[in-house]
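Residue numbers (this note's numbering), protein chains in the order written: chain A, 53 to 472; chain B, 58 to 327.
Ideal placement from N, C-alpha and C gives every residue a C-beta, glycine not left out.
As the structure is a computational prediction, the values presented were derived from the model and not from experiment.
For reference, the structure is listed below as structure tokens.
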């Protein structure tokens, strides 16, 4: 009976228009109108494809509950949060929420670079839904948590990115609605600040009374603050229950972790595109369950549509530290010459057995010297490194569980003889 | 407090909700004022210089070279009276029309009654209007013109007509701008054309035959009334003022209706 959130059969449909940008130009619409009869004569239909971002989502949240929402990219997490935050509307279904709702889909929403720290605290606070009175009361706390006392009257455009993020998070962390909707905001700042932020989140949840919906790619964070979680897959709830079980189901889901990912040659306007990315094990067989003791390969098939020099970039990161790359590798590293003629190519990188057991994600992109990514993709939590055949070298496990790399150091110990 | 989220937003204005969000309205307006005066080197002076220089240029070409008949009013003060209201109208309209696209980062991340944005973004121009009014007062002292009591009383209704008109048009164009980005480019042209069908740089008596044009433009009622009232020259055209008021209400309601009808998909396409 004490449900504060009741979500009943929420669905959301988007219309994907393959020919156009999301927003229209009046000119294009007028031209389209003129073309319509001609198209109709040619029997040509406009390519409009309905896409269900969410399908029949139903769940309830009790007062004081902290619910995690996890799932792969495109599973519908963001859409669900946007509907719960009333930024966009559902196509069908209904949601009833009791109490003041606050949503944090981003830190620093509405921050203006020209305004000072002090001014931005008020502006951002009010945008997030606090009253001036509440901000007045918490002002000192916000400033202290952010650690920006000395720069309170400096325009934030002069802040370092670290200070900026700290201030933005600090304002957000002092928001106290009855229902709080949080998306990935912990994935900001340096590792130390992330720890502090996570601590703050845990503190908020432990104080109790507050109902929180928490979306993150950071499985450690979800594990730490949510008792119950929902797993979304292709717009539907795949599983709901104890966070530990849900995370386990998500991480070890074989159908999600397909070793071969193919992409439709997205966008004709792009000069280059990714066609397929394959993860291969030591024996060159496609697999995402890899051994700690053996190397693996990532194979990228891509197409250059015109003559220019482009490179493949691989960035590898861990599930427990989603905004910090473990390493970045370019296909022109070591001065290796990359093809620059139009055509389809296959680039393969060998990753030596350096990663510890755990779940890893990759970003693969095509880049040039001047443009960051012409095309790219992120696949979260796809590579699982397991310890099945034993370690590649005899190790002492103590303290190694938390490390990303499995590195055998080259030690040399010599006795020190005291000088005479 | 209970929040119910349903597929189709009921077509209504929730005044209670708007009242709850009054502080946000204040801070959005406050932000624009602050930023405006921080980014410009001479800040407040812009509010004065812009209409003043325009008055000088117009005085040279329309007052001297073309010698436009102005009922014996010196051209500079004739033009400035019109410009005072015209600038408020055109700047506020531009601000409101671009407000949703300019604030898309906020729209995509947080809920609030969207109607606050276009209206809040016009507040900075009200401040400009007040500042520029002092220049008009100075010109009136210089040219020995005093307002009539009726003229002073009519300032409020004239401001109301101005606000209703730019708010209505602004809400409509802001919503349209989200869907059609060409609006941003068409707007300056549209405003320029409007300037010529508003008796700002010439008197309303100049084109007797084509008077009907002004009937559809609420700003002509404002400019004509204020010129007669503030400078105490000629008589106030009550009929024109009445029509202007009626049309401004219609424009406002249309803008609000269109905005209300379309606002639920702003975040999806902005």
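Are the C-beta of residue 354 of chain A and some C-beta of chain B separated by less than 8 Å? No - not a single Cβ of chain B is within 8 Å of the one on residue 354 of chain A.
Beta-ladder partner(s) of residue 371 of chain A, from DSSP: For residue 371 of chain A, which the question treats as bridged, DSSP gives no partner whatsoever.
Let's see if you can read the secondary structure: which residues bound the beta strand (DSSP E) around residue 224 of chain B? Unbroken run through residue 224 of chain B is the alpha helix (DSSP H), 206-236; no beta strand (DSSP E).
Which term fits residue 440 of chain A, buried or exposed, when burial requires 16 or more other beta carbons within 10 angstroms of its beta carbon? So residue 440 of chain A ends up on the exposed side.
The alpha helix (DSSP H) with residue 216 of chain A in it runs from where to where? 213-225 is the span of the alpha helix (DSSP H), which, as asked, contains residue 216 of chain A.
Distance check for residue 181 of chain B and residue 257 of chain B, CA to CA, integer angstroms please. In a straight line, the C-alpha of residue 257 of chain B is about 22 Å away from that of residue 181 of chain B.
Taking any Cβ of chain B, which residues in the segment 126-159 of chain A have a Cβ under 8 Å from it, in chain order? Along the segment 126-159 of chain A, going in chain order, the ones with a CB nearer than 8 Å to a CB of chain B are 134, 135, 136, 137, 138, 139, 140, 141, 142, 143, 144, 145, 146, 147, 148, 149, 150, 151, 152, 153, 155, 157, 158.
Leaving out five residues before and five after residue 455 of chain A in sequence, what residues of the same chain have Cβ atoms less than 8 Å from its Cβ? Result list for residue 455 of chain A: 408, in chain order.
Mapping the DSSP letters down to three states, classify residue 260 of chain A as helix, strand or coil. Coil at residue 260 of chain A, not helix or strand.
Is the Cβ of residue 315 of chain B closer than 8 Å to any Cβ of chain A? Chain A, which has no Cβ nearer than 8 Å to the Cβ of residue 315 of chain B, makes this no.
Along chain D, which residues have their Cβ under 8 Å away from the Cβ of residue 324 of chain B? Considering every chain present, this structure includes no chain D. Its protein chains are A and B.
Looking at the structure shown, is residue 401 of chain A part of a helix, part of a strand, or coil, going by DSSP? Reduced to three states, the DSSP call for residue 401 of chain A is strand.
State whether the segment 163-179 of chain B contacts the segment 238-251 of chain B, with contact taken as three or more CB pairs (one from each stretch) at a distance under 8 Å. The segment 163-179 of chain B makes no contact with the segment 238-251 of chain B; the number of CB pairs closer than 8 Å stays below 3.
Using a Cβ-Cβ cutoff of less than 6 Å, which residues in the same chain neighbour residue 61 of chain A once the five nearest sequence positions on both sides are dropped? Excluding sequence neighbours, residue 61 of chain A sits near 108, 110, 145.
For chain B, check one thing: does any of its Cβ atoms lie closer than 8 Å to the Cβ of residue 166 of chain A? So, interface residue.
Residue 175 of chain A versus chain B: which residues are under 7 Å apart at the beta carbon? Proximity of chain B to residue 175 of chain A at the Cβ level (cut-off 7 Å) is accounted for by 84, 88, in chain order.
Just reading off the alpha helix (DSSP H) that residue 272 of chain B is part of, what are its end residues? Segment 269-272, the alpha helix (DSSP H) holding residue 272 of chain B.
Quick check: is any heavy atom of the ligand MG less than 7 Å from the C-beta of residue 146 of chain A? Only the bare structure without any ligand can be found here, which leaves the ligand MG out of the picture.
Return the CA-CA distance between residue 105 of chain A and residue 275 of chain B, expressed in angstroms with no decimal places. Straight-line Cα distance between these residues: approximately 46 Å.
Whole runs of the beta strand (DSSP E) within the segment 131-170 of chain A, excluding any shorter than 3 residues: Taking only runs of at least 3 residues, the beta strand (DSSP E) segments lying wholly in the segment 131-170 of chain A are 144-150, 153-156.
In angstroms, rounded to a whole number, what distance separates the CA positions of residue 58 of chain A and residue 149 of chain A? Note on geometry: alpha-carbon atoms of residue 58 of chain A and residue 149 of chain A lie some 6 Å from one another.
Leaving aside the five residues before and after residue 141 of chain B along the sequence, list all residues of the same chain whose C-beta is less than 6 Å from its C-beta, in chain order. The beta carbon of residue 141 of chain B sits closer than 6 Å to those of 189, 193, all from its chain and outside the five residues before and after it, given in chain order.
Endpoints, the alpha helix (DSSP H) within which residue 325 of chain B is located: Unbroken alpha helix (DSSP H) run through residue 325 of chain B: 323-326.
Span of the alpha helix (DSSP H) holding residue 330 of chain A? Element bounds for residue 330 of chain A: not the alpha helix (DSSP H) but the beta strand (DSSP E), 324-332.
Does DSSP put residue 74 of chain A in a helix, a strand or coil? Note that residue 74 of chain A scores a pLDDT of 48, beneath 50, so its modelled location is shaky; the value from the coordinates is reported in the next line. Coil, per DSSP.
Environment of residue 295 of chain B [buried if 16+ CB atoms lie within 10 Å]: Taking all protein chains shown into account, residue 295 of chain B has fewer than 16 neighbouring C-beta atoms within 10 Å of its C-beta and is therefore exposed.
Candidates A/296, A/323, A/102, A/183, of which the one nearest residue 226 of chain A by Cα: Sorting A/296, A/323, A/102, A/183 by C-alpha distance to the C-alpha of residue 226 of chain A places A/183 at the top.
Where residue 155 of chain A falls, given that 16 or more other Cβ within 10 Å makes a residue buried: When all chains shown are included, residue 155 of chain A counts as buried.
Pick helix, strand or coil for residue 259 of chain B, following the three-state DSSP scheme. Looking at residue 259 of chain B - three-state DSSP - the assignment turns out to be coil, as it is neither helix nor strand.
Residues of chain B with a CB under 7 Å from the CB of residue 178 of chain A: which are they? Those are 80, 81, 84, listed as they occur along chain B.
Do residue 118 of chain A and residue 344 of chain A have their C-beta atoms closer together than 8 Å? Here residue 118 of chain A is not near residue 344 of chain A, since their CB atoms are 8 Å or more apart.
Going by DSSP in three states, residue 182 of chain A sits in which element: helix, strand or coil? DSSP places residue 182 of chain A in coil when its eight states are reduced to three.
Here's a check: name, in chain order, each residue in its chain whose Cβ is nearer than 7 Å to the Cβ of residue 477 of chain A, leaving out the five neighbours to either side. Lying outside 53 to 472, the shown extent of chain A, residue 477 of chain A is not represented and no answer is given.
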